[in-house]
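K.L.:
In this text, residue positions in the sequence shown follow my numbering: the first is 55, and each later residue adds one.
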Amino acid sequence: MFFKNIYNFLQLDAAVIYSSLSKILSGFGGFLTVYLIAKKLTLVEQGYYYTFISVLYIQVFFELGLNSIITQFVAHEKAHLDWKGKDDLVGKEFHLSRLASVLRLCVKYYSYLAIGLLIVLFIGGYVFFSINSNIGVSWKIPWLLLCVSTSLSFFLNPFLSFLEGLNLMKEVCFIRFIQQTVSLLILWVGLIGGMKLYVGGCSSLAGGVAILIFVSYRYRILFLNIYGKVTIHFINYKKEIFPFQWKVAVGWLSSSLVFQFFNPILFATIGSAAAGQLGMTLSVINGVSSVSMNWIYTKVPNLSKLVSLRDFKELDKSFSKILAVLVLLSCMGFIIVALCLIQFNILHIASKLLPMSLFLIMSLSSVFTQITSCWAIYFRCFKKEPFLRVSLINLAVVFLIVFPCTLYYRLSGLVLSYSLAALVGLILGWLLYNNRAEFQKKYVLYE
Numbered sequence: 055m056f057f058k059n060i061y062n063f064l065q066l067d068a069a070v071i072y073s074s075l076s077k078i079l080s081g082f083g084g085f086l087t088v089y090l091i092a093k094k095l096t097l098v099e100q101g102y103y104y105t106f107i108s109v110l111y112i113q114v115f116f117e118l119g120l121n122s123i124i125t126q127f128v129a130h131e132k133a134h135l136d137w138k139g140k141d142d143l144v145g146k147e148f149h150l151s152r153l154a155s156v157l158r159l160c161v162k163y164y165s166y167l168a169i170g171l172l173i174v175l176f177i178g179g180y181v182f183f184s185i186n187s188n189i190g191v192s193w194k195i196p197w198l199l200l201c202v203s204t205s206l207s208f209f210l211n212p213f214l215s216f217l218e219g220l221n222l223m224k225e226v227c228f229i230r231f232i233q234q235t236v237s238l239l240i241l242w243v244g245l246i247g248g249m250k251l252y253v254g255g256c257s258s259l260a261g262g263v264a265i266l267i268f269v270s271y272r273y274r275i276l277f278l279n280i281y282g283k284v285t286i287h288f289i290n291y292k293k294e295i296f297p298f299q300w301k302v303a304v305g306w307l308s309s310s311l312v313f314q315f316f317n318p319i320l321f322a323t324i325g326s327a328a329a330g331q332l333g334m335t336l337s338v339i340n341g342v343s344s345v346s347m348n349w350i351y352t353k354v355p356n357l358s359k360l361v362s363l364r365d366f367k368e369l370d371k372s373f374s375k376i377l378a379v380l381v382l383l384s385c386m387g388f389i390i391v392a393l394c395l396i397q398f399n400i401l402h403i404a405s406k407l408l409p410m411s412l413f414l415i416m417s418l419s420s421v422f423t424q425i426t427s428c429w430a431i432y433f434r435c436f437k438k439e440p441f442l443r444v445s446l447i448n449l450a451v452v453f454l455i456v457f458p459c460t461l462y463y464r465l466s467g468l469v470l471s472y473s474l475a476a477l478v479g480l481i482l483g484w485l486l487y488n489n490r491a492e493f494q495k496k497y498v499l500y501e
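(1) Please work out which residues of its chain come closer than 6 Å, Cβ to Cβ, to Ile400, disregarding the five sequence neighbours upstream and downstream, and give them in chain order.
(2) Under the three-state reduction of DSSP, which class applies to Trp193: helix, strand or coil?
(3) Quick one: which unbroken alpha helix (DSSP H) runs of 4-plus residues sit fully inside the stretch 72 to 133? Chain order, please.
(4) Tell me whether the stretch 333 to 342 and the stretch 193 to 211 touch, counting them as touching only if at least three CB pairs, one residue from each stretch, are closer than 8 Å.
(5) Skipping 5 residues on each side, what residues in its chain have a beta carbon closer than 7 Å to that of Glu99?
(6) In angstroms, rounded to a whole number, what distance separates the CA positions of Tyr271 and Ile265?
(7) What are the boundary residues of the alpha helix (DSSP H) that Gly179 is part of?
(8) Determine the direct distance from the alpha carbon of Gly179 to that of Leu486, and round the result to whole angstroms.
(9) Using the C-alpha atoms, what's the distance from Asn488 back to Phe268?
(10) Which of helix, strand or coil does DSSP assign to Leu135?
(11) For the pair the stretch 129 to 137 and the stretch 361 to 373, tell me if three or more CB-CB distances fall below 8 Å.
(12) Please work out which residues of its chain come closer than 7 Å, Cβ to Cβ, to Gln113, disregarding the five sequence neighbours upstream and downstream, and give them in chain order.
(13) Out of curiosity, what's the CA-to-CA distance linking Phe298 and Cys435?
(14) Do Leu449 and Thr460 have their C-beta atoms closer together than 8 Å?
(15) Taking all protein chains shown into account, decide if Val498 is buried (16 or more other Cβ within 10 angstroms of its Cβ) or exposed.
(16) Taking buried to mean at least 16 other C-beta atoms within 10 Å of its own C-beta, is Phe82 buried or exposed?
(17) When the Cα atoms are used, what is the spatial distance from Lys162 to Gly145?
(18) Out of Leu75, Ile390, Ile107, Leu418, which has the shortest C-alpha to C-alpha gap to Ser254?
(19) Does DSSP put Leu363 in a helix, a strand or coil?
(20) Is the CB-CB distance between Gln494 and Phe366 below 8 Å?
(21) Could you have a look at Val284 and say whether DSSP puts it in helix, strand or coil?
(22) In the structure shown, what three-state DSSP assignment does Leu8 receive?
(23) Does DSSP put Leu143 in a helix, in a strand, or in coil?
(24) Can you tell me whether Ala491 is buried or exposed, with buried defined as 16 or more other CB within 10 angstroms of its CB?
(25) Around the Cβ of Cys394, are there at least 16 other Cβ atoms within 10 angstroms (buried) or fewer (exposed)?
(26) Run through DSSP, which three-state label would Gly222 get?
(27) Assuming Val452 contacts Ala475 under a Cβ cut-off of 8 Å, what Cβ separation, rounded to an integer in Å, is found between them?
(28) What is the DSSP secondary structure of Cys394, reduced to helix, strand or coil?
(29) What is the rounded straight-line gap between the Cα of Gly325 and the Cα of Val302?
(30) With DSSP collapsed to three states, give me the class of Pro440.
(31) Note down, in chain order, each residue of its chain lying with its Cβ closer than 6 Å to the Cβ of Ser344, except the 5 sequence neighbours on either side.
(32) Counting C-beta neighbours from all protein chains within 10 Å, is the total for Val484 16 or more, i.e. buried, or is it exposed?
(33) If you follow the alpha helix (DSSP H) that Tyr351 is part of, which residue opens it and which one closes it?
(34) Please say whether Val109 and Phe182 have beta carbons closer to each other than 8 Å?
(35) Over the uninterrupted alpha helix (DSSP H) stretch that includes Ile425, give me the two end residues.
(36) Please classify Ser215: is it buried, with 16 or more other beta-carbons within 10 angstroms of its beta-carbon, or exposed?
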């Protein structure tokens, strides 16, 4: 009974477990990956390998938050539909039609985007690596293979987002876990087997094929049934999706820029050693937060469903429970990490991170940021993005204070700048969230 109560309080379910396992596997698997890369690739090949990964980051400018938005829109329509067996949905024609239009949009837009991504990645990468080419390194076919596999995964991701919107979170998290496992195994076997730069493309392709097999085998009939629905009522991309998407994209890019800004500033003002300490500290902090944030990410379809049904009382109740568990687990995670760092200081692990006092301040700031992110997700379940202003103000705060603070107060100044930005975001986020009742009334009136 005790463990059952703990299980219920933590809201553990298969989706959270699979998602957390993927994060943990990625984290611990990363150590073995780094070791094998250092062991099996030359320094020049390592440079190509990591630069390949950096160039692939271009794909975020093609997606721009559309996958998460697909989940929101699907969840809103699914709230008014019921399952007919495992492979079909029934309900009012209006919602069935709009759901079908989202799927058709996925097929149409992502076909164009995936082809465009493949062309841009291959040509752009080919030109870049040709200019900076090293004799004796075979990179052209590995790069082409990586471009193809990345474009395949890019095309398949919206279908997983669609399934998430249908509240099939457990199934999607399991598929992603299998993808992660297959990709890492192929990567490790390839490195040990001497495949050199081919390992990146092969592991990525194996992960993409794993998704394709699972989706085709289990959900092919479901997708065909939904796709075949009569689409009299459409979800208009320009009028409904784009006004939401551009705000999410700008907010996300602003938040990303804030974190990407710290290391170059520290590198320029103090040096590479301090930048390395900060980079490793952020990696540890992001590792903890990525696990705790699973508790909100896996509940988004259900929260969106409650919004669509106008059940705001249950929405607030569910969200409050999720947020409480998330904050508790995040704090526990940081405390455990801090205790481990103190305990294993004999191995000089802690010396490669920021001093413990600064680590704890950044950990607390991360908790603030996670709370703010949860509030932003709460409002996105309404298909709105009022937190764009918060992201832009945060970005402005960082740009204004981080350089002078780091210049005069060194590491402490940068950490305090980070913390101040997190605190400003928390305060502004609370003001918005505290006014949610008024926001809910406007949603009922105008939606």
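Don't be surprised by glycine CBs; every beta carbon is placed ideally from N, CA and C.
P.N.:
For this structure:
(1) Reliability of the predicted coordinates at Ile400 is poor, the pLDDT of 46 falling under 50, and the value obtained from them is presented with this limitation in mind. Counting only Cβ-Cβ distances below 6 Å, and skipping sequence neighbours, we find nothing.
(2) In the three-state DSSP reduction, Trp193 falls in the coil class, being neither helix nor strand.
(3) Counting only runs of at least 4 residues, the stretch 72 to 133 fully encloses the following alpha helix (DSSP H) elements, listed from N- to C-terminal order: 97 to 109, 114 to 117, 120 to 132.
(4) Taking 8 Å as the limit for Cβ pairs, the verdict is that the stretch 193 to 211 does not touch the stretch 333 to 342.
(5) Around Glu99: Val191, Lys250, Leu251.
(6) The straight-line gap separating the alpha-carbon atoms of Tyr271 and Ile265 is approximately 10 Å.
(7) Note, Gly179: alpha helix (DSSP H), 147 to 185.
(8) Cα-Cα distance, rounded: 43 Å.
(9) The alpha-carbon separation between Phe268 and Asn488 amounts to approximately 42 Å.
(10) Leu135 sits in a strand when the DSSP states are folded into three classes.
(11) Contact between the stretch 129 to 137 and the stretch 361 to 373 is present: 3 or more CB-CB pairs across the two stretches fall below 8 Å.
(12) Residues Leu171, Thr204, Phe208 of the same chain have their beta carbon placed closer than 7 Å to that of Gln113, with the five preceding and five following residues left out of the count.
(13) Cα-Cα distance, rounded: 11 Å.
(14) In this structure, Leu449 keeps its C-beta atom at 8 Å or more from the C-beta atom of Thr460.
(15) It counts as exposed.
(16) Around the beta carbon of Phe82, a 10 Å sphere encloses fewer than 16 other beta carbons of the protein chains shown; the residue is thus reported as exposed.
(17) Cα to Cα, the separation comes out at about 25 Å.
(18) The sequence as given places Gly at residue 254; Ser does not occur at that position. With distances taken between Cα atoms, Gly254 lies closest to Ile107.
(19) Secondary structure at Leu363: coil, using DSSP grouped into helix, strand and coil.
(20) In this structure, Phe366 lies closer than 8 Å to Gln494 by Cβ.
(21) In the three-state reduction of the DSSP assignment, Val284 falls in the coil class, being assigned neither a helical nor a strand state.
(22) Examination of residue 8 is not possible in this model, given that the chain is present from 55 through 501 alone.
(23) In the three-state DSSP reduction, Leu143 falls in the strand class (E or B).
(24) Taking a 10 Å sphere around the C-beta of Ala491, we find fewer than 16 other C-beta atoms and assign the residue as exposed.
(25) Burial call: exposed.
(26) Here residue 222 is Leu; the residue named in the question, Gly, does not match the sequence. In the structure shown, Leu222 adopts coil according to DSSP, grouped into three states.
(27) Contact flag correct, Cβ pair sits at about 5 Å.
(28) Cys394 falls in the helix class under three-state DSSP.
(29) Taking the straight line joining both Cα atoms gives about 34 Å.
(30) Taken through DSSP and simplified to helix, strand or coil, Pro440 comes out as coil.
(31) The answer, listed in chain order, is Lys77.
(32) Going by the sequence as given, residue 484 is Trp instead of Val. By the neighbour-count rule (16 or more Cβ atoms within 10 Å), Trp484 is not buried but exposed.
(33) Looking at the DSSP string, the run of the alpha helix (DSSP H) that includes Tyr351 is 348 to 351.
(34) In this structure, Phe182 sits near Val109, with a CB-CB distance shorter than 8 Å.
(35) For Ile425, the enclosing alpha helix (DSSP H) starts and ends at 410 to 434.
(36) Ser215 comes out buried.
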